[in-house]
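*Asks:* Got a structure for you, written out below as structure tokens; questions coming shortly.
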Amino acid sequence: MQFRNNRPLTAHVSILAAEVCWGLMSPIGKDAMAHGIPNIDLVTFRAIGAAMLFWIASLFAKREHVPLRDILLLGAASLLAVVFNQCLFTIGLSYTSPVNASIVTTSLPIFAMIFSFLILHEPLSAKKVSGVLVGCLGAVILILTSAQAANAKVGDIRGDLLCMAAQCSFALYLSLFSPLVRRYSVFTVNKWMFLWATIFILPLSGNSLATNDWSLVPASAWLEAAYVVVMGTFVCFMLMMVGQKTLRPTVVSIYNNVQPIVSVAVSVAMGLSILRWSQGLAIVLVFTGVWMVTKSKSKGDLATQKEHSDDK
Numbered sequence: 007m008q009f010r011n012n013r014p015l016t017a018h019v020s021i022l023a024a025e026v027c028w029g030l031m032s033p034i035g036k037d038a039m040a041h042g043i044p045n046i047d048l049v050t051f052r053a054i055g056a057a058m059l060f061w062i063a064s065l066f067a068k069r070e071h072v073p074l075r076d077i078l079l080l081g082a083a084s085l086l087a088v089v090f091n092q093c094l095f096t097i098g099l100s101y102t103s104p105v106n107a108s109i110v111t112t113s114l115p116i117f118a119m120i121f122s123f124l125i126l127h128e129p130l131s132a133k134k135v136s137g138v139l140v141g142c143l144g145a146v147i148l149i150l151t152s153a154q155a156a157n158a159k160v161g162d163i164r165g166d167l168l169c170m171a172a173q174c175s176f177a178l179y180l181s182l183f184s185p186l187v188r189r190y191s192v193f194t195v196n197k198w199m200f201l202w203a204t205i206f207i208l209p210l211s212g213n214s215l216a217t218n219d220w221s222l223v224p225a226s227a228w229l230e231a232a233y234v235v236v237m238g239t240f241v242c243f244m245l246m247m248v249g250q251k252t253l254r255p256t257v258v259s260i261y262n263n264v265q266p267i268v269s270v271a272v273s274v275a276m277g278l279s280i281l282r283w284s285q286g287l288a289i290v291l292v293f294t295g296v297w298m299v300t301k302s303k304s305k306g307d308l309a310t311q312k313e314h315s316d317d318k
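Using this note's numbering, read the sequence shown as starting at 7 and increasing by one per residue.
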């Protein structure tokens with residue numbers, strides 16, 4: 007009872023649980039694809055499954071009217087946030103190691119900062135620029151390690167670049183569509199975005215779904231796919247919603263660093279990845295760059311600070 011009434015504690019536990027689940031998703035998804043589920047089909051299962059779950063959940067939430075214009079805009083948003091993001095990341099994960107894929111995901115705040123500067127005209131500071139340079143150095147080390155690797159468990163440059171492109175896609179979505187998604191609840195936004203994603207992805211995966219010999223896929227792979235759909239998508243979005251109602255965005259972003267820690271530990275334990283010192287250095291550099299970017303003041307922070315100084 008005390009835990010339920012402690013909103014900050016509930017929020018922190020919810021965010022932590024979501025990040026741990028997402029950290030597990032890379033090695034679990036990688037193993038599912040290694041045992042007979044094609045990468046594009048895994049994306050399709052995720053889109054269809056999430057769409058069904060969010061539409062069912064929306065029946066028990068407050069109903070919101072969404073005009074046709076916003077429905078169409080959510081379709082455009084789903085291309086960046088779900089279709090391009092998930093296709094690029096999942097296909098990239100099928101090539102590279104879960105360790106590399108999870109390291110690359112932490113670069114999202116860096117790409118978000120770049121697009122915020124170009125599109126939203128957020129100010130650049132010395133700390134932000136330094137953070138981007140440090141983070142990019144970590145990414146370069148990671149990519150060079152993959153380029154020289156003869157073992158896919160270390161990494162693959164094709165997969166690394168695809169996973170990086172996925173982060174670019176999601177960062178662009180945040181910059182272009184944040185005002186839109188803030189108008190509606192997480193149920194409304196996601197039920198439409200995943201429905202649109204299903205419509206977009208099905209034509210791409212229809213042939214694979216029809217021709218793949220699904221009888222050869224073991225039960226364990228189906229359970230792993232179910233984890234990606236239910237826990238890695240639906241439940242994690244719900245947990246993030248609980249946390250974001252109480253915690254500041256900067257606090258939420260710090261928890262993003264939990265993902266690669268969990269993914270690295272589980273991937274190495276499962277024998278899906280090999281951790282080298284260069285990858286460890288890349289983790290440190292990317293984490294440092296992300297920290298520097300997220301600690302820098304935003305346009306709104308600077309405006310608020312100026313108002314306070316003018317009042318004095």
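Ideal Cβ placement from N, Cα and C applies to all residues, glycine included.
Just so it is clear, the structure is predicted and the values come from calculations on it, not from any experiment.
Thinking C-beta only, is Asp166 closer than 8 Å to Asn213?
*Replies:* Within the sequence shown, residue 213 is the residue found at index 207, counting from 1. Within the sequence shown, residue 166 is the residue found at index 160, counting from 1. Their beta carbons are not under 8 Å apart, which means Asn213 does not touch Asp166 by this criterion.
*Asks:* Could you check the C-alpha separation between Ala288 and Phe117 for me, to the nearest Å?
*Replies:* Walking along the sequence shown from the start, residue 288 turns up at place 282. Walking along the sequence shown from the start, residue 117 turns up at place 111. Looking at the two C-alpha atoms, the distance is approximately 17 Å.
*Asks:* Where Thr96 and Ile46 are concerned, what is the direct C-alpha to C-alpha distance, given to the nearest angstrom?
*Replies:* In the sequence shown, counting from the first residue as 1, residue 96 sits at position 90. In the sequence shown, counting from the first residue as 1, residue 46 sits at position 40. Roughly 8 Å separates the two Cα atoms.
*Asks:* For Glu25, which residues from the same chain have a beta carbon less than 7 Å from its beta carbon, with the 5 sequence-adjacent residues on both sides left out?
*Replies:* In the sequence shown, residue 25 corresponds to position 19, counting from 1. Here the set comprises Tyr261, Asn262, Val264, Gln265.
*Asks:* Does DSSP put Arg188 in a helix, a strand or coil?
*Replies:* Counting from one through the sequence shown, the residue named residue 188 turns up at place 182. Taken through DSSP and simplified to helix, strand or coil, Arg188 comes out as coil.
*Asks:* If you draw a straight line from the C-alpha of Leu222 to the C-alpha of His41, how long is it?
*Replies:* Here residue 222 refers to the residue found at position 216 when the sequence shown is read from its first residue. Here residue 41 refers to the residue found at position 35 when the sequence shown is read from its first residue. For Leu222 and His41, the distance between alpha carbons rounds to 9 Å.
*Asks:* Would a C-beta distance cut-off of 8 Å place Met170 and Ser84 closer than the cut-off?
*Replies:* Along the sequence shown, one-based indexing puts residue 170 at 164. Along the sequence shown, one-based indexing puts residue 84 at 78. Contact annotation: Met170 and Ser84 have beta-carbon atoms that are not nearer than 8 Å.
*Asks:* Do Pro33 and Ser269 count as a contact pair if the criterion is CB distance below 8 Å?
*Replies:* Counting from one through the sequence shown, the residue named residue 269 turns up at place 263. Counting from one through the sequence shown, the residue named residue 33 turns up at place 27. For Ser269 and Pro33, yes; Cβs fall inside 8 Å.
*Asks:* Roughly how many angstroms lie between the CA atoms of Ile54 and Ala132, to the nearest whole one?
*Replies:* Taking the first residue of the sequence shown as position 1, residue 54 is located at position 48. Taking the first residue of the sequence shown as position 1, residue 132 is located at position 126. Rounded to whole angstroms, Ile54 to Ala132 spans 44 Å at the Cα level.
*Asks:* Is it the case that the Cβ atoms of Ala38 and Ala227 are separated by a distance below 8 Å?
*Replies:* Within the sequence shown, the letter at position 32 stands for residue 38. Within the sequence shown, the letter at position 221 stands for residue 227. Their beta carbons are under 8 Å apart, which means Ala38 touches Ala227 by this criterion.
*Asks:* Can you name the start and end residues of the alpha helix (DSSP H) that His127 belongs to?
*Replies:* In the sequence shown, residue 127 corresponds to position 121, counting from 1. Where His127 is concerned, there is no enclosing alpha helix (DSSP H), given that its DSSP letter is neither H nor E.
*Asks:* To the nearest angstrom, report how far apart Thr217 and Pro44 are at their CA atoms.
*Replies:* Indexing the sequence shown from 1 puts residue 217 at position 211. Indexing the sequence shown from 1 puts residue 44 at position 38. If you take the alpha carbons of Thr217 and Pro44, they lie about 11 Å apart.
*Asks:* State the DSSP-derived secondary structure class of Arg164, mapped to helix, strand or coil.
*Replies:* For this step, residue 164 is matched to residue 158 along the sequence shown. Note: Arg164 maps to helix in three-state DSSP.
*Asks:* If you draw a straight line from the C-alpha of Thr294 to the C-alpha of Met276, how long is it?
*Replies:* Reading the sequence shown from its first residue, position 288 is the one you call residue 294. Reading the sequence shown from its first residue, position 270 is the one you call residue 276. The alpha-carbon atoms of Thr294 and Met276 are separated by roughly 28 Å.
*Asks:* Out of Leu59, Leu22, Ala23, Arg13, state which residue places its alpha-carbon closest to the alpha-carbon of Ala232.
*Replies:* Indexing the sequence shown from 1 puts residue 232 at position 226. Per the Cα distances, Leu59.
*Asks:* I believe Val192 touches Met247 by the beta-carbon criterion, under 8 Å. Please report the beta-carbon distance rounded to the nearest angstrom.
*Replies:* Taking the first residue of the sequence shown as position 1, residue 192 is located at position 186. Taking the first residue of the sequence shown as position 1, residue 247 is located at position 241. Indeed, because the Cβ distance is near 5 Å, the residues count as touching under 8 Å.
*Asks:* Figure out for me which residue from Ala67, Cys93, Ser108 has the closest Cα to the Cα of Ser273.
*Replies:* The sequence position of residue 273 within the sequence shown is 267, counting from 1. The residue with the shortest Cα to Cα distance from Ser273 is Ser108.
*Asks:* Would you say Ala203 and Val88 are within 8 Å of each other, going by their C-beta atoms?
*Replies:* The residue labelled residue 203 in the question sits at position 197 within the sequence shown. The residue labelled residue 88 in the question sits at position 82 within the sequence shown. Yes, these two residues count as a Cβ contact at 8 Å.
*Asks:* By alpha-carbon positions, which one of Met244, Leu291, Phe240, Leu143 ends up nearest to Ala17?
*Replies:* Your numbering for residue 17 matches position 11 in the sequence shown. Of the listed residues, the one whose Cα sits closest to Ala17 is Met244.
*Asks:* To which residues of the same chain is Ala82 closer than 8 Å at the C-beta, ignoring the five residues directly before and after it?
*Replies:* For the purposes of this step, residue 82 is taken as residue 76 along the sequence shown, with counting starting at 1. Around Ala82: Phe183.
*Asks:* Going by CA-CA distance only, name the one from Tyr101, Leu201, Ala225 that's closest to Ile77.
*Replies:* Here residue 77 corresponds to residue number 71 of the sequence shown, with the count starting at 1. Ranking Tyr101, Leu201, Ala225 by Cα distance to Ile77 puts Leu201 first.
*Asks:* Here's the rule: buried if 16 or more other CB atoms are within 10 angstroms of the residue's CB, otherwise exposed. What is Leu291?
*Replies:* Locating residue 291 in the sequence shown gives position 285, counting from the first residue. Buried, by the Cβ-count rule.
*Asks:* Could you give the uninterrupted runs of the alpha helix (DSSP H) lying entirely in the stretch 227-271, keeping only those of 4 residues or more?
*Replies:* Within the stretch 227-271, complete alpha helix (DSSP H) segments of at least 4 residues are found at 242-250, 255-260, given in chain order.
*Asks:* Quick check: the Cα distance between Val195 and Ser20, rounded to an integer number of angstroms?
*Replies:* Position 189 of the sequence shown, counted from the start, is the residue given in the question as residue 195. Position 14 of the sequence shown, counted from the start, is the residue given in the question as residue 20. So the alpha carbons of these two residues sit roughly 20 Å apart.
*Asks:* In its own chain, which residues sit with a C-beta less than 7 Å from the C-beta of Leu210, not counting the 5 before and 5 after it?
*Replies:* In the sequence shown, the residue the question calls residue 210 occupies position 204. For Leu210, where only same-chain residues beyond five positions count, the Cβ hits under 7 Å are Ile46.
*Asks:* Are there 16 or more other CB atoms within 10 angstroms of the CB of Trp283, so buried, or fewer, so exposed?
*Replies:* Residue mapping note: residue 283 aligns to position 277 of the sequence shown, counting from 1. Answer is exposed; the Cβ neighbour count stays below 16.
*Asks:* Look up Pro14 in the DSSP assignment and say whether it is helix, strand or coil.
*Replies:* In the sequence shown, residue 14 corresponds to position 8, counting from 1. In the structure shown, Pro14 sits in a helix (DSSP, three-state: H, G or I).
*Asks:* Could you check what DSSP says for Asn196 in three-state terms: helix, strand or coil?
*Replies:* Residue 196 sits at position 190 when you count from the first residue of the sequence shown. If DSSP states are grouped into helix, strand and coil, Asn196 belongs with the helices.
*Asks:* Please state whether DSSP places Val72 in a helix, a strand or coil.
*Replies:* In the sequence shown, counting from the first residue as 1, residue 72 sits at position 66. DSSP places Val72 in coil when its eight states are reduced to three.
*Asks:* In angstroms with no decimal places, state the Cα-to-Cα distance between Leu48 and Phe176.
*Replies:* On the sequence shown, position 42 is the one that residue 48 refers to. On the sequence shown, position 170 is the one that residue 176 refers to. In a straight line, the C-alpha of Leu48 is about 19 Å away from that of Phe176.
*Asks:* At the level of alpha carbons, what is the spacing between Asp219 and Thr252?
*Replies:* Position 213 of the sequence shown, counting from 1, holds the residue named residue 219. Position 246 of the sequence shown, counting from 1, holds the residue named residue 252. Answer to the nearest angstrom: the Cα atoms are 47 Å apart.
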